[in-house]
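The sequence shown lines up with residues 23 to 313 when you count with my numbering.
No residue lacks a Cβ here, since even glycine has one placed at the ideal position from N, Cα and C.
Fair warning: this is a prediction, and the values are worked out from it, not measured in the lab.
A quick write-up on the structure given underneath.
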Amino acid sequence: MSLSLRLIASLLAIVTTVTKAEPLYWHISKGDLNIYVIGSVHVGNESMYPLPKVITESLAHGDGLITEADTRNANQVNYPPQTVRSDEVLTAKQLKKLDRITKKLGLNSQRYRAMSPWVTAISIQNVHLEQLGYQSRNGIDNHLIGQATKDNIPVIGLETLQFQINLLTKQDQQGKELLVSMLDEWQTSTATMQCLVQSWKAGDKKNLLRFAQADSMPNQMKQNVLSNRNQDWADKINSKTFLPNQNGHYVMVVGMLHLIGEGNVLSLLEKQGFKVERLNRSSQANCDFPK
């Protein structure tokens, strides 16, 4: 399953009442601190809205929005000098596939050959997702940041955008593995994204776990991208100094893969004394992730 893609219902009737499936969300608390938590898909479309009222109303009346990073600060990011071109790290066969993909997307293949591998991978994936109808502005985190900005609610980043960029740029050969993974998984990327969104909307935790567990992420990358960050975020939320009001009410939105599976943020917080309660009504997504 593509590393660049993963970096991104049925009805339940009770008597005569029909309830709509909801994405996974939780309430966590410790003492007087209360946080509503929802997992994000970082790109999306209008079918993913509206969000559960508990989330939107808690944000409107809360003390802040906790996010991975404040994306409004994108203009403050510094990018390191390029040291490797994509066409220097790919085989002849991989370059032909890259050219076929860029041509299909209506892109200039020479331009993408000349980019750093991580830039090529992320840029092509973003163009592909936009052509499928998914935009970053409709990602759950960006949507909630927009609402917080509109209502003058503080946005509290667990890390900086610079930190996230550094994670990508410091990979071996400036992201060769990311690019190769994108090329290898290209044929199934459309079906994977569509099933991811459907599973998110249905709150289908089992299917989302299958997505998480099927990853081909190398151990060191998984440690850097998931495990270390999960622990850092849990420690910050549990600390007495990170949140402005330790007795406050917050909404937290982070990538869904940080909230399910082994070593997720919620389980780490539970070990630190937080009460964790899942609130959503789930259904089974009518899709399977490609193998």
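In this chain, the beta strand (DSSP E) harbouring tyrosine 58 covers 55–62. DSSP links valine 276 through a beta bridge to Gly61. For the pair alanine 136 and leucine 201, the CB atoms are not nearer than the 7 Å cut-off. Comparing alpha-carbon positions, the option among Gln98, Arg94, Pro45 lying closest to proline 72 turns out to be Pro45. Approximately 14 Å separates the beta-carbon atoms of leucine 230 and isoleucine 162; this is outside 8 Å, ruling out the contact. Here leucine 151 really is in contact with methionine 215; their C-beta atoms are around 7 Å apart, less than 8 Å.
Spatial neighbours of isoleucine 88 in its own chain (CB-CB distance under 6 Å, excluding positions within 5 residues in sequence) are listed in chain order as Ile178, Tyr272, Met274.
Under the rule that a run must span 4 or more residues, the alpha helix (DSSP H) segments found entirely inside the segment 136–201 read 139–153, 162–172, 183–191. Phe185 is the residue among Phe185, Tyr134, Thr93, Gln169 whose C-alpha sits nearest the C-alpha of aspartate 254. Counting C-beta pairs closer than 8 Å gives three or more between the segment 290–306 and the segment 47–63, which meets the contact rule. Going by C-alpha positions, tyrosine 58 is about 28 Å away from glycine 155. The beta-carbon distance between glutamine 196 and threonine 105, rounded to whole angstroms, is 6 Å. This is short enough to meet the 8 Å contact definition.
Residue burial is scored here from C-beta neighbours: serine 69 has fewer than 16 other C-beta atoms within 10 angstroms and is therefore classed as exposed. In terms of Cβ geometry, glycine 285 and serine 261 do not form a close pair [threshold 7 Å]. Under the three-state reduction of DSSP, threonine 124 is assigned to helix. Assignment of threonine 89 by DSSP, reduced to helix, strand and coil, places it in the strand class. Taking asparagine 241 as reference, the option from Asn56, Asn164, Asp310, Glu199 with the minimal CA-CA separation is Glu199. Between leucine 265 and proline 176, the alpha-carbon positions lie close to 11 Å from each other.
The DSSP assignment places complete alpha helix (DSSP H) segments of no fewer than 4 residues inside the segment 216–296 at 227–235, 241–244, 250–260, 287–293, in order along the chain.
Just measuring C-alpha positions, the residue of Leu290, Thr263, His83, Ser305 sitting nearest lysine 172 is His83. Judged by DSSP in its simplified three-state form, tyrosine 71 adopts coil rather than helix or strand.
Between aspartate 54 and asparagine 267, the C-beta spacing is not below 7 Å. Boundaries of the beta strand (DSSP E) harbouring serine 51: 47–52, taken from the DSSP string. In this structure, asparagine 160 lies away from glycine 86, with their beta-carbon atoms at least 7 Å apart.
In the displayed model, valine 298 falls within a strand according to three-state DSSP. At a Cβ-Cβ threshold of 7 Å, glycine 295 and lysine 75 do not count as neighbours.
In this structure threonine 124 is buried. Its beta-carbon is surrounded by 16 or more other beta-carbon atoms within 10 angstroms.
Of the residues Gly277, Leu127, Leu180, the one whose Cα lies closest to the Cα of glutamine 153 is Leu127.
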